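Below is one structure, written out as structure tokens; comments come after it.
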Amino acid sequence: QVQLVESGGGVVQPGRSLRLSCAASGFTFSTYAMHWVRQAPGKGLEWVALISHDGGYKYYADSVKGRFTISRDNSKNTLSLQMNNLRVEDTAIYYCTRDRAAAGIPLGNDYWGQGTLVTVSS
Amino acid sequence: QSVLTQPPSVSAAPGQKVSISCSGSSSNIGSNFVSWYQQLPGTAPKLLISDNNKRPSGIPDRFSGSKSGTSATLGITGLQTGDEADYYCGTWDGSLSGWVFGGGTKLTVL
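Below, the structure is given as structure tokens:
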């Protein structure tokens with residue numbers, strides 16, 4: 001069965017960096033685009049970033065553009081999110097999600113991990 | 123505020139039906155498929171409807187989706203207390219080159 005397991009969350013000071021990882025299993029990772037989606041405490045879902053199946057295309061929300069970098073290692077079935085210059089407003093649960101498409105127009109997130117909490121606080 | 127507009131809350135009695143709207147524009151709902159997600163309290167979201175109106179395996183036919191122009195609707199019939207959750211619509215926005223979600227709708231089954 002499809003499994004997405006996030007790790008790397010924690011408490012970090014504003015301006016510092018953090019790297020999230022997502023270990024994928026139960027499907028052919030290299031044939032699906034992947035997203036990061038976050039949810040601030042008590043708030044709604046916010047899309048963060050998308051990477052195509054082969055890493056050739058990457059898209060970012062304006063709120064994280066220039067600070068966050070999405071990447072993937074298809075040989076290790078791993079998705080990553082490098083977060084630099086973190087802000088208090090980046091505090092959220094970060095979910096790794098699989099898209100139903102490999103590339104092109106995304107079709108929607110069909111599987112979600114359980115999330116990892118990132119808290120940015122001094 | 124969100125690119126896609128949903129009502130903050132809806133409510134209905136057990137056994138009744140409810141509709142949740144999602145309003146967008148020509149650059150998102152008007153030109154791309156819409157998905158709906160259910161988030162039960164304390165859990166990760168789950169895909170409920172894909173491609174405007176398709177139910178993934180395991181989703182009961184009490185849940186349905188439709189799209190017309192730049193709006194989409196999630197319908198739930200035969201409401202159960204276990205349906206109490208937050209519901210989100212989502213789609214690709216070609217102008218923003220990004221995925222967008224609605225603000226979410228909290229369903230209360232009275």
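Just so you know, the protein sequences line up as chains U and Y, in that order.
Per our numbering, the first sequence starts with residue 1, numbered consecutively.
Per our numbering, the second sequence starts with residue 123, numbered consecutively.
Beta carbons are placed, not taken as given, at the ideal position from N, Cα and C, and that holds for glycine.
All values derive from a computational prediction rather than experimental measurement.
Quick one: is residue i near chain Y, going by C-beta distance under 8 Å?
{"i": "Gly108 of chain U", "result": "yes"}
{"i": "Leu45 of chain U", "result": "yes"}
{"i": "Ile70 of chain U", "result": "no"}
{"i": "Gln114 of chain U", "result": "yes"}
{"i": "Ile51 of chain U", "result": "no"}
{"i": "Ala33 of chain U", "result": "no"}
{"i": "Tyr94 of chain U", "result": "no"}
{"i": "Arg100 of chain U", "result": "yes"}
{"i": "Ala24 of chain U", "result": "no"}
Please name the residue, chosen from the options, that lies closest to residue i on a Cα-to-Cα basis.
{"i": "Thr127 of chain Y", "options": "Y:Gly224, Y:Thr230, Y:Leu232", "result": "Y:Gly224"}
{"i": "Val64 of chain U", "options": "U:Gly56, U:Arg72, U:Glu46", "result": "U:Glu46"}
{"i": "Thr227 of chain Y", "options": "Y:Val132, Y:Asn174, Y:Val140", "result": "Y:Val132"}
{"i": "Thr78 of chain U", "options": "U:Arg100, U:Leu20, U:Gln13, U:Pro14", "result": "U:Leu20"}
{"i": "Gly44 of chain U", "options": "Y:Ser179, Y:Leu232, Y:Ala207", "result": "Y:Ala207"}
{"i": "Gly191 of chain Y", "options": "Y:Asp205, Y:Ile151, Y:Gly180, Y:Val125", "result": "Y:Ile151"}
{"i": "Ser80 of chain U", "options": "U:Leu86, U:Ser71, U:Val88", "result": "U:Ser71"}
{"i": "Ala166 of chain Y", "options": "U:Gln3, U:Phe29, U:Ser122", "result": "U:Gln3"}
{"i": "Leu18 of chain U", "options": "U:Ser25, U:Tyr57, U:Thr91", "result": "U:Thr91"}
{"i": "Pro178 of chain Y", "options": "U:Thr116, U:Asn85, U:Arg100", "result": "U:Arg100"}
{"i": "Gly8 of chain U", "options": "U:Val88, U:Tyr95, U:Lys76", "result": "U:Tyr95"}
{"i": "Thr69 of chain U", "options": "U:Gly56, U:Lys76, U:Met83, U:Ser75", "result": "U:Met83"}
{"i": "Thr116 of chain U", "options": "U:Asp110, U:Ile93, U:Arg98, U:Ser122", "result": "U:Ile93"}
{"i": "Ser141 of chain Y", "options": "Y:Leu218, Y:Gly164, Y:Val222, Y:Ser193", "result": "Y:Ser193"}
{"i": "Gly212 of chain Y", "options": "Y:Leu229, Y:Gly204, Y:Leu196", "result": "Y:Leu196"}
Starting from residue i, trace the beta strand (DSSP E) in both directions and tell me its first and last residue.
{"i": "Arg109 of chain U", "result": "The sequence as given places Asn at residue 109 of chain U; Arg does not occur at that position. Per DSSP, Asn109 of chain U belongs to the beta strand (DSSP E) from 109 to 112."}
{"i": "Arg16 of chain U", "result": "No beta strand (DSSP E) holds Arg16 of chain U; DSSP gives it neither H nor E."}
{"i": "Phe223 of chain Y", "result": "220 to 223"}
{"i": "Ile142 of chain Y", "result": "140 to 145"}
{"i": "Thr227 of chain Y", "result": "227 to 231"}
{"i": "Tyr159 of chain Y", "result": "157 to 161"}
{"i": "Val5 of chain U", "result": "3 to 7"}
{"i": "Ser133 of chain Y", "result": "131 to 134"}
Does residue i come within less than 8 Å of chain U when only Cβ atoms are used?
{"i": "Ser149 of chain Y", "result": "no"}
{"i": "Phe185 of chain Y", "result": "no"}
{"i": "Leu169 of chain Y", "result": "yes"}
{"i": "Ser188 of chain Y", "result": "no"}
{"i": "Tyr140 of chain Y", "result": "As written in the sequence, residue 140 of chain Y is Val, which differs from the Tyr given in the question. Chain U contact via Cβ: absent."}
{"i": "Tyr209 of chain Y", "result": "no"}
{"i": "Asp205 of chain Y", "result": "no"}
{"i": "Gly180 of chain Y", "result": "no"}
{"i": "Ser143 of chain Y", "result": "no"}
{"i": "Asn131 of chain Y", "result": "In the sequence on display, residue 131 of chain Y carries Ser and not Asn. No, Ser131 of chain Y lies away from the interface with chain U (no Cβ there is under 8 Å from its Cβ)."}
{"i": "Gly226 of chain Y", "result": "yes"}
{"i": "Ala166 of chain Y", "result": "yes"}
{"i": "Gly146 of chain Y", "result": "no"}
Taking 7 Å as the cut-off, is the beta-carbon of residue i closer than that to any non-hydrogen atom of the ligand FAD?
{"i": "Ser179 of chain Y", "result": "The model depicted lacks the ligand FAD and carries no ligand whatsoever."}
Please confirm if residue i has its CB atom under 8 Å from at least one CB of chain A.
{"i": "Ala61 of chain U", "result": "The chain inventory of the structure shown lacks chain A, comprising the protein chains U and Y."}
For the stretch 102 to 117 of chain U and the stretch 198 to 211 of chain Y, state whether three or more C-beta atom pairs, one from each stretch, are separated by less than 8 Å. No, they do not touch.
Quick test of the definition: if touching needs 3 or more C-beta pairs under 8 Å, does the stretch 171 to 187 of chain Y touch the stretch 154 to 161 of chain Y? Cβ pair count under 8 Å is three or more, so yes.
Jot down the residue ranges of each uninterrupted beta strand (DSSP E) in the stretch 35 to 116 of chain U, minimum 3 residues, whole runs only, in chain order. Along the stretch 35 to 116 of chain U, the beta strand (DSSP E) occurs as fully enclosed runs of 3 or more residues at 45 to 51, 58 to 60, 68 to 73, 78 to 83, 92 to 99, 109 to 112, listed in sequence order.
Note down, one range per segment and in chain order, each beta strand (DSSP E) of at least 3 residues found wholly within the stretch 172 to 215 of chain Y. Within the stretch 172 to 215 of chain Y, the complete beta strand (DSSP E) runs of at least 3 residues fall at 185 to 190, 193 to 198, 207 to 215.
Should the stretch 134 to 154 of chain Y be regarded as contacting the stretch 25 to 40 of chain U, the criterion being three or more beta carbon pairs within less than 8 Å? Too few Cβ pairs lie closer than 8 Å, so no.
Check whether the stretch 16 to 34 of chain U and the stretch 47 to 54 of chain U touch, using three or more Cβ-Cβ pairs below 8 Å as the test. Contact holds: three or more Cβ-Cβ distances are below 8 Å.
Count Cβ pairs between the stretch 135 to 143 of chain Y and the stretch 165 to 182 of chain Y that sit closer than 8 Å; are there 3 or more? No, the stretch 135 to 143 of chain Y is not in contact with the stretch 165 to 182 of chain Y.
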